[in-house]
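Protein chains: 2
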Amino acid sequence: MSGEPYPARVFIQEVVTRDGLQIEPRFVPTADKIALIDALSDTGVAKIEVTSFVSPKAVPNLADAAEVARAIRRRPGVTYVALVPNLRGAEAALAADLDELNLVMSVSATHNLANMRLTPDQSLEGFRAIVAAARGTRARLNGSIATAFGCPFEGAQPAEKVLGLAAAYLDADLDSITLADTTGMANPRQVADLVAAFRARFGAVPLTLHFHNTRGMGLANVLAALGQGADRFDASLGGLGGCPFAPGATGNISTEDLVHMLEEMGVATGVDLGRLLELARGLPDLLGHDIPGQVAKAGRSGDLHPAPASLRAAS
Amino acid sequence: MSGEPYPARVFIQEVVTRDGLQIEPRFVPTADKIALIDALSDTGVAKIEVTSFVSPKAVPNLADAAEVARAIRRRPGVTYVALVPNLRGAEAALAADLDELNLVMSVSATHNLANMRLTPDQSLEGFRAIVAAARGTRARLNGSIATAFGCPFEGAQPAEKVLGLAAAYLDADLDSITLADTTGMANPRQVADLVAAFRARFGAVPLTLHFHNTRGMGLANVLAALGQGADRFDASLGGLGGCPFAPGATGNISTEDLVHMLEEMGVATGVDLGRLLELARGLPDLLGHDIPGQVAKAGRSGDLHPAPASLRAAS
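Protein sequence lines, in the order shown, are assigned to chains U and C. Just remember that this note's numbering sits 62 ahead of the position in the first sequence, which is counted from 1. Just remember that this note's numbering sits 62 ahead of the position in the second sequence, which is counted from 1.
Here you go:
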């Protein structure tokens, strides 16, 4: 009736054991990570970003990247990904036979320097070295553009700059692109405009949207992207993740809240929401704190309650 | 670029001292309520639902309705509203010279019985008595349709039933309609469809959308309604409010998060977000607990941070 052209099917890409766990105050035991990933493999998600092959000094929580990648069960149909910050990480990810490597740099030079200690040119040079290393392997390469919707240091990033970087990624032979709202600054109009501009310029190049819910706009941004035909979304079980600049603020969009919204809208995800909710409800025990995800607390819209006893007695 | 026809201007209707405070565990002193309403009057919101003239036994937190309505400063241009559950409440609200009375019933008969202890016919009969009592006064009458997007006992409510009730409200001479997602069950596709159907049937009858963020979809639902031209939204400072069926779940959409999203999108609200954020940040002291609103914690998207000292030293 509203005429909104939502996609019929959306692909859910789980990032909790990478983006979620990397900033947790305590180390989640390797066996628990493996068990969580194996359980996520059976929920119907399309892709799991398992870990990041990053320096254990930089991210102690993911020091077990190689062990996790080796030990998880690979379910056919699920794509297993690792984030790789540099050639050394890429080599480790290739040695672990992951399906996909996720390369990342920030479109904001200031953020890239702060986060990766690299200039944009140095990052792109690193990408080309990774592409060369992956040649002849079966690994696909995704390129993430961090701070695509704004940088906490520089502010808004012009769409032309973001699209120009995407073009550089594709020139470097990456297979697909993620536009990442690293610190939750995107708004729905900006999302609709940037997704439309991406589609106009790059046609069918696979595009993922990676949103954070830092300012409450996460699912609204999903809706805006859906309205422009986007059909791949990163999300984090329980809404784990977060931003060092916003203490107390929430993190990535919650996988279970995302799947719940899409399924309520009649958009298929292929995900078993019941299983996902069970896993989300187990996170507080694993982590020792509450989670931002809301459907795990409130239940699904369709979970009905008995009418008050007084009414039932009267009827 | 996305071609989404968002309204250029949206009206923000604050409900925190009614919908927010009514279920708080502790009574907020009358003087604090008055001070909060007076401060909200200076933020630029279009309307404030000040209180509810309800039985103090049913809602002890609002037992001071008459005193609050009498003592607040009436700022020209702001519409001051009270919720009225029945003729006695309406008479009290009229005696307090409020600008608008908000009449409410649930489209779900089960919810109406549970919440108001009235059948739908009894509720409509009550509405007609209130219309008669208000005749000749300057008070406008708004009719709220609770559980318009779903009932926690009955589940989904057919759009035809909701629109039929809106028609009955207008036949009874109410001036405007609110579609209320009382327990946060609405999804964006449903919202877009129902708003479009309302517009098709009732043309320019003033329509308010009242959303809760119980399952994280609050601002996505706003976006869906905006896309169909809706331009009046209820919201609660700090995201206060809630649902007795979802312990730990969040309440109404947060006024400051709503205003932040709209202003970031370039949709004018007339609201001073800085003042609103100051008031939201004062709520934890007033109430003794944290608030669900996220921009009060994370800051606005445009609040930039200094680059790390190491970079500044190097540059």
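We put the beta carbon where it would ideally sit given N, CA and C, even for glycine.
| Query | Result |
| --- | --- |
| Closest by C-alpha distance to C:D104, when choosing among C:V333, C:A371, C:A342 | C:V333 |
| C-beta contact flag for U:I99 and U:I74 at 7 angstroms | no |
| Euclidean distance between Cα positions of U:G300 and C:V166 | 35 angstroms |
| C-beta atoms of C:M279 and U:M178 nearer than 7 angstroms | no |
| Minimum C-alpha distance to U:L348 - residue among U:V72, U:R71, U:T92 | U:T92 |
| 7 angstroms Cβ cutoff met for C:G82 and C:G303 | yes |
| For U:G217 and U:A287, the rounded distance between their alpha carbons | 21 angstroms |
| Reduced DSSP secondary structure (H/G/I, E/B, other) of C:N148 | coil |
| Partners in chain U for C:N249, counting only beta-carbon separations shorter than 8 angstroms | M323, E326, M327, S363 |
| Per-residue burial, C:A70 [other beta carbons within 10 Å of its own, 16 or more giving buried] | exposed |
| CB contact check: C:M63 to chain U, cutoff 7 angstroms | Annotation note: pLDDT 43 at C:M63 (below 50); position unreliable, no value reported. |
| Per-residue burial, U:H274 [other beta carbons within 10 Å of its own, 16 or more giving buried] | buried |
| U:S114 beta carbon less than 7 angstroms from that of U:L102 | no |
| Inter-residue spacing [alpha-carbon to alpha-carbon] between U:A195 and C:S298 | 54 angstroms |
| U:A376, DSSP secondary structure in three states | Bear in mind that a pLDDT of 46 at U:A376, under 50, signals an unreliable position, so the number given afterwards is only what the model happens to contain. U:A376 falls in the helix class under three-state DSSP. |
| U:R190, buried or exposed, once every other Cβ within 10 Å from all chains shown has been counted against 16 | exposed |
| Min CB distance U:F215 to chain C below 7 angstroms | yes |
| Short-range partners of chain U found in the segment 70-81 of chain C, where Cβ spacing is below 9 angstroms | none |
| Residues from the segment 170-204 of chain C in contact with chain U, defined by Cβ distance under 8 angstroms | T172, L175, A176 |
| Alpha-carbon to alpha-carbon, C:S185 and C:L160 | 22 angstroms |
| Members of the segment 252-282 of chain U that neighbour chain C once the beta carbon cut-off is set at 9 angstroms | Q252, V253, A254, D255, L256, V257, A258, A259, A262, N275, T276, R277, G278, M279, G280, L281, A282 |
| is_contact[C:V143, chain U] using C-beta, thresh 7 angstroms | no |
| Residues sharing a beta bridge with U:A208, DSSP | U:S168 |
| Pairwise C-alpha distance: U:V357 and C:V224 | 25 angstroms |
| Residue environment, C:S372, which counts as buried when at least 16 other CB atoms sit within 10 Å | exposed |
| Supposed close pair C:D243, C:T270 - CB separation, criterion 8 angstroms | About 12 angstroms separates the two Cβ atoms, so there is no contact after all. |
| is_contact[U:Q356, chain C] using C-beta, thresh 7 angstroms | yes |
| Continuous beta strand (DSSP E) stretch holding C:A295: start and end | A small correction: the amino acid at residue 295 of chain C is Phe; Ala does not occupy that position in the sequence shown. Per DSSP, C:F295 belongs to the beta strand (DSSP E) from 294-297. |
| Reference U:F260; option with closest CA among U:C213, U:I207, U:M247 | U:I207 |
| Run of the alpha helix (DSSP H) containing C:H322, from where it starts to where it stops | 317-326 |
| With 16 other Cβ atoms within 10 Å as the buried cut-off, status of U:A61 | No answer is possible for residue 61 of chain U: it lies beyond the span of chain U, which begins at 63 and ends at 377. |
| Element boundaries [alpha helix (DSSP H), containing C:I99] | 92-103 |
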